[in-house]
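Protein chains in written order, with our numbering: chain E, 1 to 263; chain L, 1001 to 1330; chain D, 2001 to 2529.
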């Protein structure tokens, strides 16, 4: 007893007690607040879904309905999957600016975190195509340029043109140019079939084939102009225009100079 | 007051105006120098061409505004040639304009018409010659000559007979038969209905035996487009509906107008558009033509599934695919 | 005599001993050519043809006109390992393995486009100035022949590489052949050696493109030039220029230098285009297979108007007694162009029948002085322009935010409404210009200086124009309309009555003109100023 009482009055007792208390409180708190990792993701996810729902109600529900059930102006989003949302919102197509024929690519309204939240909210409504992971998008490793070209010409060129510059559809719709589009968004467009574009299921164009297509698109994008100014890569129309303006213009100009009397 | 109207008269060739180079020897020397400079520029152009050909590697690209990343070797060759040629031309023209005589010369036109005497002589010569040949007096020669020449004209046309086979049935047949599997193009993978989602398309061809090679001639008739809709979206009669399977419908991909590949499917409107002449087909109504110059819908291929669940053709096409031809009956 | 002169004399003598060339050389070296920039347009065609021969020969050294399938093993990565025809593969090799190959391919194709542009602008110059009148009708017909053959030759030429774009064009050509009544399927199978695409078409059109048509071109161009040479070139009206003379510069040295120089100019401009502007990038199109097509597929511009007509055609097809006739292909693809080119070729004869003018003409018309002819030309150009624009309707739609449906309907209506409108407007414009010319001659040039008269009236000072200008504005002929009789002296209706009546009407329309100013009128007015 005397020993314990003497120890209590030791000079170092205060600091030691303090350290001990801190240590106890710290570890107790750590243990108490350490949730199961599964539970963290679930918590974060539900936070994201909740955030997504907020954004959705504010920015999307006026057209797509309070429960994303769709309506007269806009289709239902139930089952479209996170991939659709990521494609439409991250490329700026949604929210749609004016109710014209088709949604145009423009500066996105929401940042990456908000897009992710929206995607998770819509994905939570019903299962649908998922956003492709980075591992799934390694087209440099998994794709083949030549095969991609063949696939592109068979499946894509009739809308998007032979060099992915875009093309006309009926009634003012158009297939946009694929230059400067993120590989992730190209992939998502193929699997979700946005607006007029059909769906390219994984059994008709396998994931590897999709990567080949992306690899080819990227190689065409990076390809320098091998013969000179590309004139838009749309074919004979611009070539004819050049010949009727610059070509004959230069020649007639010289002809006029030739026939003029020298001073 | 005179009754005759007097017309304005021709004042004749205007007086010659001398050029600076005609009167001022310094101006003439300057023009000569200018011509020389142009010729020298041309030589430099040729040197640029030779240099680019021999010394510039073919894989260097550099950026030029408007033109983008340009190939240096290509540009050097082309610009070198262009400068070389253009400057010779400019030099020659400038030389002619400034230093060669520029006094206008007048030459007289002569009537083309021959003298009447010559014309009569010509007619007489021809008549005499024809009489000498005696065709008029010898109808047997005339007739047999005509027959021989006429008949000989047939030979060259006949000799071209093997330019091509007779069409026979070829325009009316494709490789599709009952039970032929639809496989992906490219890839040659057979398809199940579950492989296509609603709104999906697939480019397909008939399955071939392993080791067999598909020719372009086959593809030109056999290419088929598969589209999946919801069954309730179809607007078809009972027979055509029976040619679909669970909302999947198959059409010949060869345009009924002029044969381009029709695969541009608009998911929202359920229309197919041919990019060549903008013929538009309504998929829900068996590819009925709703816009553009095509006169007939795309032929529909009747499909079903086989025992293993793969999509197959029920029967060959019920009409010839591709553009029209004389012997094509409805 | 210098050494050089002596040697030249010996050479000339050597040749003259054997050919008698000195006499006609002397005559031709001093031949006079009138000078106007618009007379050089035909030369653009001639020189482009030479460039085509030279660059084309270069290409034939490497091109393989075969459709047998090969696997590509060249240096262009996105096509490596793919199956393609030898024609396509050899064109890739020319573009990427042969130094200067891509440049020559591009020069060849640009030269072809310039050749056709040249033909059209040259045709417009000849037409609007009336240079096709007697004695030059044959030359006109040869020219129309060159235009038609040029279109075919160009189409065959860009189809040789067997790429996706030109292959689509061949598919469409085959559909036109196939659509011919009775013989269509036979002709198509003969042309292609069987079903489409077959393996015979590219080698066959190679022979036509490289041998047959160039040979015909050489012959036609030679006759065309010989006629111009022999008949002497026409000239614009002006002081000192009459129907009986030619005013200009001699062949040697001036015209040789100018025309020779212009050849180098045309070649230089073509090479410039080949150097800086990409054309027909077949490696991007990919090899041809009937299962593929690109959005925005058009032929080269000189066939674009045909494509435009086909696009706007109504979907007419009839099946009678089990036989199909595709009016939607035959009318825009064969019948309409056939009528247009025939009318074009026969125009000199139509006009001389309509005006009754059978005389020789060596002085050109200023277009305003032939209002009906000019208006008809404007009408034809409008028709061709509307169809040409429709040929590119999908690219125009995406560029200018229109719809292809709008473009199509615009074209269908415009092609019927705009040409007559162009006729009326152009004719009115020509007559206004004639009136302006008349005013210029009678009243002189407006100087913009105002003078106040003693009685307070303001007048503008007019400066009389030079006698040369006055002559230029009044030297043209104004034909009186025909007045062919419908009834003879006894009052009996002639057998040619209807023809005469039509002819009278047409010539009356063609004779519409503002009467030209005369010296008499000028003198009368002089008293007033």
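Ideal Cβ placement from N, Cα and C applies to all residues, glycine included.
Against residue 2113(D), the close residues of chain E are 239, 240, 243, 247, in the order they occur along the chain (beta-carbon pairs closer than 8 Å).
Among the residues facing chain L, residue 261(E) is included, as its CB has a counterpart in that chain under 9 Å away. In summary, residue 163(E) is buried, with 16 or more beta-carbon neighbours lying within 10 Å of its beta-carbon over all protein chains present. The beta carbon of residue 169(E) falls within 9 Å of a beta carbon belonging to chain L, placing the residue at that interface. Within chain E, the residues whose beta carbon sits less than 7 Å from that of residue 1061(L) are 224, listed in sequence order. Take residue 1293(L), set aside five residues on each side of it, and the residues of its chain with a beta-carbon closer than 7 Å to its own are 1257, 1277, 1279, in chain order. The segment 2408 to 2428 of chain D makes contact with the segment 2386 to 2394 of chain D; the number of CB pairs closer than 8 Å reaches 3 or more.
By the neighbour-count criterion, in which a residue is buried when 16 or more other Cβ atoms sit within 10 angstroms of its Cβ, residue 1017(L) is exposed. Three or more Cβ pairs drawn from the segment 2410 to 2422 of chain D and the segment 2378 to 2386 of chain D lie within less than 8 Å of each other, which places the two stretches in contact. For residue 2178(D), the three-state secondary structure derived from DSSP is helix.
Contact holds between the segment 213 to 222 of chain E and the segment 139 to 153 of chain E, because three or more Cβ pairs, one in each stretch, are under 8 Å apart. No Cβ-Cβ contact shorter than 9 Å links residue 2526(D) with residue 1006(L). Bridge pairing for residue 1280(L): 1273(L), 1291(L) [DSSP]. A Cβ of chain D is located within less than 9 Å of the beta carbon of residue 160(E). Residues of the segment 1073 to 1087 of chain L that bring their beta carbon within less than 7 Å of a beta carbon in chain D comprise 1074, 1075, 1077, 1078, 1079, 1081, 1082, 1085, 1086, in sequence order. Annotation for residue 1202(L): the continuous beta strand (DSSP E) segment containing it runs 1201 to 1206. C-alpha of residue 1116(L) to C-alpha of residue 1122(L): approximately 10 Å in a straight line. Counting along the chain, the unbroken alpha helix (DSSP H) around residue 2186(D) starts and ends at 2184 to 2192. Taken in chain order, the unbroken stretches of beta strand (DSSP E) that lie wholly in the segment 2011 to 2082 of chain D and span 3 residues or more are 2069 to 2071. Within the same chain, 1280 come within 6 Å of residue 1291(L) by CB-CB distance, once the 5 residues on both sides are set aside.
Pairing residue 2009(D) with residue 2025(D), the inter-Cα distance amounts to about 14 Å. If you look at residue 2445(D), you'll find it in the beta strand (DSSP E) that goes 2445 to 2452.
The beta carbon of residue 2188(D) is closer than 8 Å to those of 2174, 2177, 2178, 2196 in its chain, skipping five residues each way along the sequence. With respect to residue 2437(D), residue 2368(D) sits close: the two C-beta atoms are nearer than 9 Å. Between residue 2278(D) and residue 225(E), the beta carbon gap of about 6 Å places them in contact (Cβ cut-off 8 Å).
Chain-ordered, the chain E residues with CB closer than 9 Å to the CB of residue 1102(L) read 261, 262. When secondary structure is reduced to three states using DSSP, residue 2196(D) falls in the coil class, being assigned neither helix nor strand. Chain E places no beta carbon closer than 9 Å to that of residue 2209(D), leaving this residue out of the contacts. Of all residues in the segment 1176 to 1200 of chain L, only 1185 place a beta-carbon less than 8 Å from a beta-carbon of chain D.
Contact holds between the segment 1173 to 1192 of chain L and the segment 1222 to 1242 of chain L, because three or more Cβ pairs, one in each stretch, are under 8 Å apart.
Note on the segment 2139 to 2181 of chain D: whole alpha helix (DSSP H) runs with a minimum of 4 residues are 2164 to 2178, in chain order.
In the structure shown, the three-state DSSP call for residue 2323(D) is strand. In terms of beta-carbon proximity, residue 2028(D) stays away from the interface with chain L, with every pair separated by 9 Å or more.
Residue nearest to residue 2210(D) within the set 2229(D), 2242(D), 2053(D) is 2053(D) (criterion: CA-CA distance). Among the CB atoms of chain L, none fall inside 9 Å of the CB of residue 130(E).
Three or more Cβ pairs drawn from the segment 183 to 198 of chain E and the segment 1258 to 1267 of chain L lie within less than 8 Å of each other, which places the two stretches in contact.
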